[in-house]
Amino acid sequence: MTNAILLDKKDNVATCTTAATAGDAIKILGGGEIICREDIPIWHKVALKKIAKGDKIFKYGEIIGEASSDILAGGWVSHENIFSVPRDYASEMI
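Here you go:
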């Protein structure tokens, strides 16, 4: 059974398609397997590798925020450990 979806090869998070419990092996459609470090609700993100404080969070191949604290591989990526960062989309489209 697939428990998470990797949307782009650049992503450092995957989206859980089922709730995951600490210790579970999460099978990732498009990217192997990882051990869950904490309970993660359905439709939330799991870190695919260690993400250090200040590192960019990638989903859909795009930056969706920065880590406000270290996140371990298999950890829950949520509003409590990431924050939005401003982007200049106009210049990115050139």
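First residue of the sequence shown: 16, per the numbering used here; consecutive thereafter.
Just so you know, even glycine gets a beta-carbon here, dropped at the ideal spot from N, CA and C.
Predicted model only: the values in this text are computed from it and were never measured.
Does DSSP classify residue i as helix, strand or coil?
i, result
"Asn53", "Sequence check: residue 53 is Glu here, not Asn. Here Glu53 sits in coil by DSSP."
"Asp105", "Before going further, note that residue 105 is Ala rather than Asp in the sequence given. Three-state result, Ala105: helix."
"Gly69", "coil"
"Thr30", "strand"
"Gly45", "coil"
"Glu95", "coil"
"Ala35", "strand"
In chain order, what residues of the same chain lie with their CB nearer than 6 Å to the CB of residue i, ignoring the 5 residues before and after it?
i, result
"Glu48", "Ala40 and Lys42"
Give me the Cα-Cα distance between residue i and residue j, rounded to the nearest whole angstrom.
i, j, result
"Lys60", "Ser93", "7 Å"
"Gly90", "Ala29", "11 Å"
"Ile55", "Gly69", "22 Å"
"Thr33", "Asn18", "5 Å"
"Gly45", "Glu53", "22 Å"
Quick one: measure Cβ to Cβ for residue i and residue j, integer angstroms, because I've assumed they're closer than 8 Å.
i, j, result
"Cys31", "Ile72", "With a Cβ gap of about 15 Å, Cys31 and Ile72 do not count as contacting."
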